[in-house]
Structure formats: structure tokens, C-alpha cells
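S.K.: Take this structure, written in C-alpha cells, and hold onto it; I'll ask about it next.
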Amino acid sequence: MSANLSAFFYLISGILFILALRGLSSPETSRQGNYFGIAGMTISIIVTFLSLDSFGSGFIYVLIFLVIGGSVGAFIAFRIPMTAMPELVAGFHSLVGLAAVFVAISAFLKPEAFNLGIVGDIKLASLIEMSLGAAIGAITFSGSIIAFLKLRGIMSGSPITFKFQHFINLLLGLFIIFLIFYLCRTQLSNVFWLLVIISFIVGVLLIIPIGGADMPVVISMLNSYSGWAAAGIGFTLENSALIITGALVGSSGAILSYIMCKGMNRSFFNVILGGWGATEQTSNTKSKEQKPVKNGNADDAAFLMKNASSVIIVPGYGMAVAQAQHALREMVDALKKNGVKVSYAIHPVAGRMPGHMNVLLAEANVPYDEVFELEEINNDFANCDVAYVIGANDVTNPVAKTDPQSPIYGMPVLDVEKSKSVLFVKRSLSPGYAGIDNDLFYRDNTLMLFADAKKMTEEIVKSL
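The structure is reproduced here in C-alpha cells:
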């Protein structure tokens, strides 16, 4: 296939990727957006194969690894539960970053294969591109691995802090810039390898100080990094599809991260530099054992909701773990038959990644017009009879508004405590992912329902 024809089809792919992002911006069009993305990627893969100079051993190797990688990816996608989707995304980001590093290494060691010149005499523009791609890719890889370990529970979700962490991160960042400059001047292989190693270290140092409650923004930011790494390598390979796709992913991830930071009253630059959530956790000085809680059961919950005029459902990670969204939909349908007005309140970072709760509710065919974001529904809690909180811990914690020493202080939370009655479904009084106790558990208007979220909701349906 000629270069002009390849460029044309890559452009078509880019347009389809743009339409995919547009479709994914709304739940109503998300399925269509996925179809556009699949079509764009399929065209890109086919064009890449047809653009190979020959169908020799190189083609066979590419085909073999494509089949292996595609099979592994499909197997994981079919097997992975929705609760593990955030760490799956983090894992995929790490692979994108690692791929960028491998391509940069290949281009540096054998530039003549990429028409970049010869060893020791690589074009300046190509050196800058591959250096940036390698650095950002390495940061993405190691940072995504740390995010995966935190989300998986292998590493503590609490912030891991150390003295002068911001200063060290800044020095390493400046050192990476210096190494790129020095590499472009000397083209020494030792400098290139040092650049890659330092970038791997920076990725770790950027993510370990960030608390588990802030992982949704971290995932979004790493998504942006993976896009920029792909774009940098796209310039090295002179592949317009990679450039377009990387730029789309990088810019959309950065915009989403900024929107989330703004909505949560956090510093965008603090996320980039690492260390968000690294405040000392000194809130909740009283232990859980010293605070009385009100216990309830399914009959109590059914009585309160049946006699309410309005109920607001607040889903969280507990709903995802228990896979309770279908039972929740049955409960809501039963309440509607009794004339109860029901709405869903979604916090921007409920769950472990942006849109986590929206996807689960859509899976249960919850009408989109009943689902509201924090800004749209937060004022309604004051006029709400019952708030049914199903595993949403940190995003409903009132200390975010009252305790300056709390690691979630300043983060907008759902004003659940303003409801006349709060039904909180939870297995125990264990803290949320931020590692702090929830003051909402001990409020006079809160009734704790200690049980598996799905089982409790099903029992409430029977009582209704």
C-alpha cells in the first residue's frame, strides 16, 4: 500500500477515534462510541499490515505476537469483573508505556531501520521525539504498576511519604530534561539508558505518595501520560495514526484530570508532581469502639423507604464488590410502585475510576434521567426523606468539610448527612479507601445495615 493511501486511511481512523471520544462522553451514546473506536483500530491494524514492505519473517512475527496479545487481552476482558476494571485499566496503561520504551530503544539502537540515520548520527528531531517517548513511557509504566498494586490491595492504599519528596521529584524532572539535552548533543548510549532508568524511578516516586481515595484522578492522569508517550513514538515512526491517537488520549486524559481536580478542589499541578493525599491522617481521634451506632435490618429499611416521599440512592465501591446493581434496580422499581420518587447521586470519584458507578447502573438498565452528578443533586439531600448509601464511604464523609487535618479535607462530598434518615449498607465499620473513619456512621439520623450489599438489598425488596 502506498504511503499516501496509508496516510488517508490513518486519517479515517483518526476521525473514527474522535467520534469514539464524542460518543463516550455520554451514557446514551457510549455503545456507539465503542463501535467507532473498534472500527478505527481495526482499520489502523489492517493498514499497518498492508504497509509492510514484504510478507516475510517480519510479517509472520508481527502476526504471531498480534494473535498472542489479542488472545490474552480478549481472555482478560471476558474474565475480569467490573470491580477489577480500575486495576485492569492501570495495567493496560503500563503496557502502553512499556511499548513506547521498547520502540524508543529499538529506534535508538537501530535507527537505519526507521530511516532516522545511523548510530551516532541520528536526526535531532528524531532524538528529541524518541527521548520524550521513552521518558514519558517509562514514567507511565512504573507509575501504572504502583497504581495497579495499590488498587489490587497488594500495596497499601495509604500515602507513602518521605521528606523533601516534591524537591526530589523536581530535581529528577530537571535531570531528565538535562539528560535529553545531553543525549541530543552527544548521542551516547549510556546517557540514553540512564534517561530510561531515571524515568522509571520518577514514575514510582510520583505515585506512591498519592492516597487510594485519589486513584481515579491518578488513573486519568496516567491515561494522559500513555497518550503522550504514544504520540512521541508516533513522530519517531512517522505514523500519523499513532500521533493522532496519542494526542487524543493525552489531551482528553489531561482535560478529564483537570475537570476532576477542579470538581474535588484539588491542585492539578500537585497531582502531576505527586504527593496529593500525602497529608498526615490525624482525624477521627475517637476510636470506632467508643462511638455508638444504630443497627437496623431489612424490615426497618423497607419501612422507612416505603413511607418516604423521596429517596436518593448513593452507590459506591461496595455496590460494585457485591454486584448489587441489579438488586438495587429491583428495589427502586418496588419503591416507584409505592409512589416514591427515587434518584441516584453519583460522586465524580465514586468507585475506583471515573464513570465506574455510571457503567454499573447502565448495566442494570437504570434510566439515565434518574442519575445525577454531585453538583446537580447535592442540594436535594436537605429535602430528602431517606438516603440509601450502598458502600460509598469516603465520598460521603462529612469530615471533608470540617477537619483540616483529614487527607480528604476540601474534597466536595455528597451532603448525605442532611437527609432526614440515612441507611448505610456496609459489611463493617472499616474505613474507606482513604484509610479514615467515616463520621456519618455515628450520626443520630444514620441507621447502619451491616450485611453484604446485594443480600441486604434483596431482603429489602422482599420486605417491600
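Residue numbers (this note's numbering): 3 to 466.
Think of the CB as a built atom: it goes at the ideal place given N, C-alpha and C, for glycine as much as any other residue.
DSSP three-state call for residue 456: helix, strand or coil?
M.R.: In this structure, residue 456 counts as helix in the three-state DSSP scheme.
S.K.: Would you list, in sequence order, the uninterrupted alpha helix (DSSP H) runs of no fewer than 4 residues that lie entirely inside the stretch 105 to 161?
M.R.: Listed in chain order, they are 126 to 154.
S.K.: With DSSP run on the structure shown, which of helix, strand or coil describes residue 170?
M.R.: The answer is helix: DSSP assigns residue 170 an H, G or I state.
S.K.: Would the beta-carbon of residue 392 fall within 7 Å of that of residue 347?
M.R.: Not in contact: residue 392 and residue 347 (Cβ atoms no closer than 7 Å).
S.K.: Report, in whole angstroms, the separation of the C-beta atoms of residue 255 and residue 234, which I expect to be a contact under 8 Å.
M.R.: Their Cβ separation, rounded to whole angstroms, is 15 Å, which puts residue 255 and residue 234 out of contact at 8 Å.
S.K.: At what residues does the alpha helix (DSSP H) containing residue 329 begin and finish?
M.R.: From DSSP, the alpha helix (DSSP H) with residue 329 extends over 327 to 339.
S.K.: Relative to the alpha-carbon of residue 153, which residue among 88, 204 and 112 has its alpha-carbon at the smallest distance?
M.R.: Closest by alpha carbon: 88.
S.K.: Using the Cα positions of residue 120 and residue 93, report the straight-line distance between them to the nearest angstrom.
M.R.: Distance between the alpha carbons of residue 120 and residue 93 is about 35 Å.
S.K.: With a 10 Å radius around its C-beta and 16 neighbouring C-beta atoms as the bar for buried, classify residue 269 as buried or exposed.
M.R.: The residue is exposed, with fewer than 16 neighbouring Cβ atoms inside 10 Å.
S.K.: Would DSSP call residue 403 helix, strand or coil?
M.R.: Helix at residue 403.
S.K.: Taking the alpha helix (DSSP H) that residue 218 falls in, what are its first and last residues?
M.R.: Where residue 218 is concerned, the enclosing alpha helix (DSSP H) stretches over 217 to 239.
S.K.: Tell me whether residue 52 is buried or exposed, calling it buried when 16 or more other Cβ atoms sit within 10 Å of its Cβ.
M.R.: Answer is exposed; the Cβ neighbour count stays below 16.
S.K.: Does residue 370 pass the burial test, meaning 16 or more other C-beta atoms within 10 Å, or should it be called exposed?
M.R.: The residue is exposed, with fewer than 16 neighbouring Cβ atoms inside 10 Å.
S.K.: Measure the CB-CB distance between residue 61 and residue 42 and report whether it falls below 7 Å.
M.R.: Result no, Cβ atoms of residue 61 and residue 42 do not sit closer than 7 Å.
S.K.: At a cut of 8 Å, does the stretch 319 to 330 reach the stretch 292 to 306 through at least three beta carbon pairs?
M.R.: Too few Cβ pairs lie closer than 8 Å, so no.
S.K.: Assuming the contact rule is C-beta atoms closer than 8 Å, residue 103 and residue 143 should be a hit. Round their C-beta distance to whole Å, please.
M.R.: The pair is a contact, with the Cβ atoms about 7 Å apart (cut-off 8 Å).
S.K.: Put residue 432 into one of helix, strand or coil per three-state DSSP.
M.R.: Note: residue 432 maps to coil in three-state DSSP.
S.K.: So the beta strand (DSSP E) residue 374 belongs to, where does it begin and stop?
M.R.: First-last of the beta strand (DSSP E) with residue 374: 373 to 375.
S.K.: Assign residue 440 to one of three DSSP states: helix, strand, or coil.
M.R.: Residue 440 falls in the coil class under three-state DSSP.
S.K.: Using DSSP with H/G/I as helix, E/B as strand and the rest coil, what is residue 164?
M.R.: Here residue 164 sits in coil by DSSP.
S.K.: Nearest by alpha-carbon distance to residue 381: which of 185, 367, 365 and 419 is it?
M.R.: Measuring from the Cα of residue 381, the nearest candidate turns out to be 419.
S.K.: Can you tell me which of the three DSSP states residue 27 falls into?
M.R.: Note: residue 27 maps to coil in three-state DSSP.
S.K.: What does a CB cutoff of less than 6 Å around residue 150 pick up in its chain, not counting 5 residues either side in sequence?
M.R.: Cβ neighbours of residue 150 beyond the five flanking positions: 89, 92 and 93.
S.K.: Of the choices 226, 463, 408 and 261, whose alpha-carbon is the least far from that of residue 441?
M.R.: Here the closest residue by C-alpha is 408.
S.K.: Which two residues bound the contiguous beta strand (DSSP E) that contains residue 472?
M.R.: Shown here, the chain extends from 3 to 466; a query on residue 472 therefore has no answer.
S.K.: Classify residue 280 as helix, strand or coil using the three-state DSSP reduction.
M.R.: Low local confidence applies: a pLDDT of 45 at residue 280 is under 50, so the model's placement there is unreliable, with the coordinate-based value given in what follows. Residue 280: coil per DSSP, three-state reduction.
S.K.: Beta-carbon separation of residue 423 and residue 399 under 7 Å?
M.R.: No, they are not a contact pair.
S.K.: What number of angstroms, rounded off, separates the C-alpha of residue 132 from the C-alpha of residue 352?
M.R.: Going from the Cα of residue 132 to the Cα of residue 352 covers about 37 Å.
S.K.: Just to confirm the assignment, what range does the alpha helix (DSSP H) spanning residue 47 have?
M.R.: 32 to 52 is the extent of the alpha helix (DSSP H) around residue 47.
S.K.: Once DSSP output is grouped into helix, strand and coil, what is the label at residue 299?
M.R.: Three-state result, residue 299: coil.
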